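For what it's worth, UniProt numbering labels the leading residue of the sequence shown as 1, then goes sequentially.
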Amino acid sequence: MPSQLTARRSTALSGRVRAPGDKSMSHRSMILGGMASGVTEVEGLLEGDDVLATARAVQAFGARVDRLEDGRWRVEGAGGFRTPRSVIDCGNAGTGVRLLMGAAAGYPLTATFDGDQSLRKRPMKRVTGPLADMGARFDWLAAEDRLPVALTGGALKAVDYVQTVASAQVKSAILLAGLNADGVTTVVEPEKSRDHTERMLRAFGAEVGVQDNGEGWTISLRGGQPLTGTFVAVPGDPSSAAFPLAAGLIVPGSEVTVEGVMLNPLRTGLFDTWIAMGADLTIANRRNAGGEAVGDITARHSKLKGIVVPEARAASMIDEYPILAATAAFAEGVTVMRGVGEMRVKESDRIALMAAGLRACGVQVEEEPEGFIVTGSASVAGGATVHTAHDHRIAMSHLVLGLAAQEPVSVDEPGMIATSFPGFVDMMNGLGGEMG
């Protein structure tokens, strides 16, 4: 990958493509496969840098992990984790490190977790706090609340944890630790976050309770339940599918179809938002795969209008706000995105970076502590080089914008795109885009 990528105004995009495997499910398939007894086979695994880091970590914890000739992955678990021989390097994988800490906390082991410079800047106490309440010990080896951190696990007690902000990572870490805790672990969340962990735990043989308590959702899990290896079919990632679909919406004359996209209702907030903005977005061939609803989504060039995005939708599309902001730049009027303060503690401060990048491209943006407001128009100037702070979604969002802007848009540090979407540039160019 070059040190800089540039997207140029393109003619109509067209074609059918398949999104890479869902990142969330890919992480979880590796981790649960490593915790389980027996063999887990995974079809459609996202072979991005983040997931590969999790696969290496699972192997370091004692599982055998192999990529088969047919593209499937095979995980042979030993029914639990053991003390690794070296530091667990999670690279840039925030989901990977937080879920791995939850899984490892339930076993009598010691392990040190670390990551790249970007991951070292991300807060960890949101996960280590409740895990410490369960009995795990964490020793910060540099700065408090930041990697690297040493974990000592085992002898956990169940916890009743009430989240103030819906977070699938926190919920999942607690549930994975709860598998090996004494008693029934419960997590109460104000808004339902993505539920891949609950679904996949059931596929591996665990019983998980989910109840609507009127003021949120209560998820419960009894400790001491063994996991058994299984087959996992990973559907297409809606977060990745968003990029070619967004290009289809904003490049005049385009019609783009992404096949096999997961349609879990806790992951489709962006699609609902686009439709409310006037997007010509249709879904065909609905079916089930790997316990999830999937379908083929077609996006056609649309005259978009700005809207106020419901704050309650944030949990179902928190990773998609960067590409939503890029499409909002082409929508007539004002698009208001609030209740998304979580964006500031992702791989980067995504609110600040999107605001800065859009402004550099001639778009009017008002930044707020917990959100931002984009005033769009049918024509976006472009003509900027955008600083990405090593964030793959910031890079891809601005490159998609560049396909429809008047002047080219460049991004720095494009190598990080491989963390979630290897093959992104080839896919976009295959649809007729000009990116390179």
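Don't be surprised by glycine CBs; every beta carbon is placed ideally from N, CA and C.
The model shown is predicted, which means the values in this text are computed figures rather than measured ones.
Using 10 angstroms around the beta-carbon of residue i, count the other beta-carbons present and answer buried if the total reaches 16, otherwise exposed.
| i | result |
| --- | --- |
| ILE275 | exposed |
| VAL308 | exposed |
| GLY209 | exposed |
| PRO2 | exposed |
| GLY347 | The amino acid at residue 347 is misidentified as Gly; the sequence shows Glu. By the neighbour-count rule (16 or more Cβ atoms within 10 Å), GLU347 is buried. |
| GLN211 | exposed |
| THR11 | exposed |
| PRO148 | buried |
| ALA143 | exposed |
| GLN117 | exposed |
| GLY214 | exposed |
| VAL379 | Reading off the sequence shown, one finds Ser at residue 379, where the question assumed Val. Exposed, by the Cβ-count rule. |
| PRO20 | buried |
| VAL400 | buried |
| SER254 | buried |
| ASP22 | buried |
| SER86 | exposed |
| LYS171 | buried |
| VAL195 | Residue identity check: residue 195 is Asp in the sequence provided, not Val. Buried, since its Cβ has 16 or more Cβ neighbours within 10 Å. |
| THR128 | buried |
| ALA314 | buried |
| ASP160 | exposed |
| PHE231 | exposed |
| ARG64 | exposed |
| GLU198 | buried |
| ASN264 | buried |
| VAL17 | buried |
Return the CA-CA distance between residue i and residue j, expressed in angstroms with no decimal places.
| i | j | result |
| --- | --- | --- |
| GLY333 | LEU266 | 27 Å |
| THR83 | ALA111 | 6 Å |
| PRO310 | MET337 | 8 Å |
| LEU5 | VAL42 | 33 Å |
| THR282 | SER316 | 19 Å |
| GLN406 | ALA356 | 18 Å |
| GLY402 | GLU69 | 38 Å |
| residue 481 | ALA352 | Because the chain spans 1 through 436 in this model, residue 481 falls outside it and cannot be assessed. |
| CYS90 | PRO408 | 34 Å |
| PHE372 | VAL411 | 21 Å |
| residue 437 | ALA136 | Residue 437 lies beyond the range of the chain shown here (1 to 436); nothing can be said about it. |
| PRO130 | ALA177 | 10 Å |
| HIS398 | SER240 | 14 Å |
| HIS301 | MET277 | 12 Å |
| LEU201 | ASN288 | 18 Å |
| ASP426 | GLU367 | 33 Å |
| ILE219 | ALA158 | 13 Å |
| ARG72 | LYS305 | 42 Å |
| VAL187 | LEU156 | 16 Å |
| VAL251 | SER29 | 36 Å |
In this structure, does DSSP put residue i in helix, strand or coil?
| i | result |
| --- | --- |
| GLY371 | strand |
| SER26 | helix |
| LYS157 | strand |
| LYS192 | coil |
| ASN92 | coil |
| ASP237 | coil |
| ASP70 | coil |
| PHE231 | strand |
| ASN285 | strand |
| GLY402 | helix |
| GLN59 | helix |
| SER37 | strand |
| LEU5 | strand |
| THR83 | coil |
| VAL425 | helix |
| GLU198 | helix |
| THR110 | strand |
| ASP182 | strand |
| ARG98 | helix |
Where DSSP assigns a beta bridge to residue i, which residues make up the other side?
| i | result |
| --- | --- |
| SER14 | GLU255 |
| THR385 | SER410 |
| TRP217 | GLU189 and ASP212 |
| ALA293 | ASN288 |
| LYS305 | GLU332 |
| VAL51 | DSSP lists no partner for VAL51. |
| ASP280 | ARG300 |
| GLU434 | ARG8 |
| ARG222 | VAL184 |
| VAL75 | THR40 and VAL65 |
Cβ of residue i within 6 Å of any heavy atom in the ligand FAD?
| i | result |
| --- | --- |
| LYS171 | Questions concerning the ligand FAD fall outside what the structure shown contains, since it holds no ligand whatsoever. |
Flag residue i as yes if its beta-carbon sits less than 7 Å from any beta-carbon of chain C, otherwise no.
| i | result |
| --- | --- |
| GLU255 | Of the chains in the structure shown, none is chain C; there is only one protein chain. |
Subject >> Secondary structure, alpha helix (DSSP H): runs of 4+ residues fully inside the stretch 307 to 368 >> reply: 321 to 328 and 350 to 360
Subject >> Secondary structure, beta strand (DSSP E): runs of 3+ residues fully inside the stretch 114 to 178 >> reply: 137 to 140, 149 to 152 and 160 to 162
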